[in-house]
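Participant:
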Ligand SMILES: [Zn+2]
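In the numbering used here, the protein residues as written are 1199 to 1694.
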């Protein structure tokens, strides 16, 4: 109030809300939108009487040997011992403190100056190449945060599916995966790359105090209407980062008839979904959009009348319509999870992926006891799914009785309808592109789903005598779209 940031009436409201929420006043104000994180940090920084460190060398020798985890983030250093987390900084950052509070340890704050920061970096992080780079970095965490959000929104604007942050000797390369291909977006020089990468890891939900290990995280960005799933990628130049962009609130828009497949195929999928029990399996490589297909199936079901439980690691799309369980490897393994899901009496279960014999066995048992199980599996074509299930030890008669539908899918580059060029009976790409907002160098930013489907009859036939006739190959499916002028011939050669 003294600084004129808030007035008396909002203070009363904040205090009451903070009490109800059991949260600190400042954080409540931030959550209510009365304060920006920067303003809060600034105000707290000048208000709190945080101790400084007189003798940095004695502080260092005191904690040396006790430190179990350490981390540099901009001009902040975090040391974790068994009992205490020391946060040493020159700029107050409540988000960092809030994140570390989750560890349920005592937190000690100290203000340090630039020389002390350098001393600690040299004594504790000397083996790391972080040192020389960090020496040159200005302590401007918010600038990095801003840049990170800029990268995210640029990626979203260009309909990128992933963002790659790849460190090399000269700095940090940022590339977007757009309609299946990596496109360079920006390069950040070595004087800022490490600090920016730390910020990117921090902002994308990766654990703060993990170094040298692989890790996964998740973070929502409501303003951008996306969720990112982050994973650290080890490389010879240090840990890189890969972010998968997932649209928020997207589930309801996922519908069978917006998948872009033929009406006949939609009918076949619906027929399979009409069964009260059985197993439906979708295969395809990573990034082939399996989850969209699977979720489109779920949303086509009548959620008012049936109970749907999903069991995934990680949860691909969030929805209020189903009960979604995330598998936490440390607390519960997949098969334990699946067993406990069955006790909740669902009608339909989505199982993230069938990876091993045990999962396959439980899925088919669930199917045999009156549940419809939808899952994914890793194979190259529909016949491969059947062979793989055999290899996973599912008996032939169980397959015949319970397998309702198998499908394999891939995503193909689609021509921009506004600028593609006539090429005899087919069409080809205009590599110049056009002004259409969905046009990227002559391709549409939406890709064409190629779906190969084997229904119950086809499965029965294949199980009986191994006949593959009548089922078009992925190459033939692609060619049909070439004839329609949706895909270019040259982009489909890979499927033949
Ligand atoms: Zn175009």
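For each residue, glycine too, the CB sits at the ideal point set by N, CA and C.
Which runs of the beta strand (DSSP E) at least 3 residues long sit entirely within the stretch 1400-1473? Give them in chain order.
Facilitator: Those beta strand (DSSP E) runs which fall completely within the stretch 1400-1473 and span 3+ residues are 1414-1419, 1424-1433, 1436-1445.
Participant: Based on Cα-Cα distance, which residue from 1238, 1644, 1280 lies nearest to residue 1201?
Facilitator: Locating residue 1201 in the chain shown gives position 3, counting from the first residue. Among 1238, 1644, 1280, the Cα nearest to that of residue 1201 belongs to 1238.
Participant: Quick check on the burial criterion: 16 or more other C-beta atoms within 10 angstroms. Buried or exposed for residue 1568?
Facilitator: What you label residue 1568 is simply residue 370 of the chain shown in a count that begins at 1. By the 10 Å Cβ count, residue 1568 comes out exposed.
Participant: Once the 5 residues before and after residue 1641 are set aside, which same chain residues still bring their CB inside 7 Å of it?
Facilitator: Residue mapping note: residue 1641 aligns to position 443 of the chain shown, counting from 1. Closer than 7 Å at the Cβ level, and outside the excluded window around residue 1641, lie 1377, 1611, 1612, 1613, 1614, 1627.
Participant: CB-CB under 6 Å to residue 1481, same chain, minus the five flanking residues each way: which ones, in chain order?
Facilitator: For the purposes of this step, residue 1481 is identified with residue 283 of the chain shown, where counting begins at 1. Cβ neighbours of residue 1481 beyond the five flanking positions: 1575, 1577, 1583, 1606.
Participant: Return the chain-ordered ranges of every beta strand (DSSP E) run that is complete within the stretch 1328-1388 and spans a minimum of 3 residues.
Facilitator: With a minimum length of 3 residues, the continuous beta strand (DSSP E) runs that stay inside the stretch 1328-1388 are 1358-1366, 1369-1376, 1379-1387.
Participant: By Cβ distance, which residues of its chain are closer than 8 Å to residue 1209, with the 5 residues on each side in sequence left out?
Facilitator: As a working mapping, residue 1209 is identified with position 11 in the chain shown. So the qualifying residues of the chain are 1199.
Participant: Quickly, what does DSSP pair residue 1605 with across the bridge? List them, please.
Facilitator: Translated into positions along the chain shown, residue 1605 becomes position 407. BP columns for residue 1605 point to 1480, 1651.
Participant: Note down the Cα distance separating residue 1306 from residue 1468, rounded to an integer number of angstroms.
Facilitator: Translated into positions along the chain shown, residue 1306 becomes position 108. Translated into positions along the chain shown, residue 1468 becomes position 270. So the two alpha carbons sit approximately 59 Å from each other.
Participant: Can you check which of these residues, 1340, 1211, 1255, 1251, is closest to residue 1292 by C-alpha distance?
Facilitator: Indexing the chain shown from 1 puts residue 1292 at position 94. Among 1340, 1211, 1255, 1251, the Cα nearest to that of residue 1292 belongs to 1340.
Participant: Leaving out five residues on either side along the sequence, give the residues of the same chain with a beta carbon under 8 Å from the beta carbon of residue 1624.
Facilitator: If you number the chain shown from 1, residue 1624 lands on position 426. 1680, 1681, 1683, 1686, 1687.
Participant: For residue 1634, verify whether its CB is less than 7 Å away from any heavy atom of ligand 1.
Facilitator: Numbered from its first residue, the chain shown carries residue 1634 at position 436. Residue 1634 Cβ: within cutoff of ligand 1.
Participant: Whole angstroms are fine: how far does the CA of residue 1236 sit from the CA of residue 1282?
Facilitator: Numbered from its first residue, the chain shown carries residue 1282 at position 84. Numbered from its first residue, the chain shown carries residue 1236 at position 38. Using only the alpha carbons, I get a separation of about 26 Å.
Participant: Would you grab the beta carbon distance between residue 1365 and residue 1391 for me? Rounded to a whole angstrom, and I think it's under 8 Å.
Facilitator: Here residue 1365 refers to the residue found at position 167 when the chain shown is read from its first residue. Here residue 1391 refers to the residue found at position 193 when the chain shown is read from its first residue. At roughly 6 Å, the Cβ-Cβ gap stays under 8 Å, so residue 1365 and residue 1391 are in contact.
Participant: Using three-state DSSP, classify residue 1610 as helix, strand or coil.
Facilitator: Working through the chain shown from its first residue, we reach residue 1610 at position 412. In the structure shown, residue 1610 sits in a strand (DSSP, three-state: E or B).
Participant: Answer yes or no: the CB of residue 1617 versus the heavy atoms of ligand 3, is any distance below 7 Å?
Facilitator: As for ligand 3, it is missing from this structure, which binds only ligand 1.
Participant: Could you give the first and the last residue of the continuous beta strand (DSSP E) run that contains residue 1178?
Facilitator: In the structure as shown, the chain starts at 1199 and stops at 1694, and residue 1178 therefore has no counterpart that could be examined.
Participant: Out of 1280, 1276, 1460, 1438, which one is the CA nearest neighbour of residue 1309?
Facilitator: For the purposes of this step, residue 1309 is taken as residue 111 along the chain shown, with counting starting at 1. The residue with the shortest Cα to Cα distance from residue 1309 is 1276.
Participant: Is the closest heavy atom of ligand 1 to the C-beta of residue 1683 under 7 Å?
Facilitator: As a first step, residue 1683 must be located in the chain shown, where it is residue number 485. It does not: the Cβ of residue 1683 is nowhere closer than 7 Å to a heavy atom of ligand 1.
Participant: With a 10 Å radius around its C-beta and 16 neighbouring C-beta atoms as the bar for buried, classify residue 1249 as buried or exposed.
Facilitator: Working through the chain shown from its first residue, we reach residue 1249 at position 51. Label assigned to residue 1249: exposed.
Participant: Per DSSP, residue 1642 forms a beta bridge with which residues?
Facilitator: Indexing the chain shown from 1 puts residue 1642 at position 444. Note: residue 1642 sits in a beta bridge opposite 1637.
Participant: Could you tell me the alpha carbon to alpha carbon distance between residue 1579 and residue 1289, rounded to whole angstroms?
Facilitator: In the chain shown, residue 1579 corresponds to position 381, counting from 1. In the chain shown, residue 1289 corresponds to position 91, counting from 1. One C-alpha to the other measures close to 56 Å.
Participant: When the Cβ atoms of the stretch 1528-1547 are set against those of the stretch 1498-1509, are three or more pairs found closer than 8 Å?
Facilitator: Touching, per the Cβ criterion.
Participant: Buried or exposed for residue 1400, please, with buried defined as at least 16 other CB atoms from any protein chain shown within 10 angstroms of its CB.
Facilitator: The residue labelled residue 1400 in the question sits at position 202 within the chain shown. Counting Cβ neighbours within 10 Å, residue 1400 comes out buried, since at least 16 surround it.
Participant: Drop a sphere of 10 angstroms on the beta-carbon of residue 1213, count the other beta-carbons inside from all chains shown, and report buried for 16 or more, exposed for fewer.
Facilitator: Counting from one through the chain shown, the residue named residue 1213 turns up at place 15. Looking at its Cβ environment, which holds fewer than 16 other Cβ atoms inside 10 Å, residue 1213 is exposed.
Participant: Any idea what DSSP makes of residue 1285, helix, strand or coil?
Facilitator: Taking the first residue of the chain shown as 1, we reach residue 1285 at position 87. Residue 1285 falls in the strand class under three-state DSSP.
Participant: Just curious, the alpha helix (DSSP H) that residue 1211 is in, first and last residue?
Facilitator: Position 13 of the chain shown, counted from the start, is the residue given in the question as residue 1211. Note, residue 1211: alpha helix (DSSP H), 1206-1219.
Participant: Under a three-way DSSP split, which group does residue 1305 fall into?
Facilitator: Counted from its first residue, the chain shown places residue 1305 at position 107. Residue state, collapsed to three classes: strand.
Participant: Since residue 1277 sits in a beta bridge, which residues does DSSP pair it with?
Facilitator: On the chain shown, residue 1277 is found 79 positions in, with the first residue counted as 1. Note: residue 1277 sits in a beta bridge opposite 1268, 1284.
Participant: Taking only heavy atoms of ligand 1 into account, decide whether any of them is closer than 7 Å to the Cβ of residue 1690.
Facilitator: Stepping through the chain shown from its first residue, residue 1690 is reached at position 492. No, ligand 1 has no heavy atom inside 7 Å of this Cβ.
Participant: Go ahead and pull the three-state DSSP assignment for residue 1492.
Facilitator: Indexing the chain shown from 1 puts residue 1492 at position 294. If DSSP states are grouped into helix, strand and coil, residue 1492 belongs with the helices.
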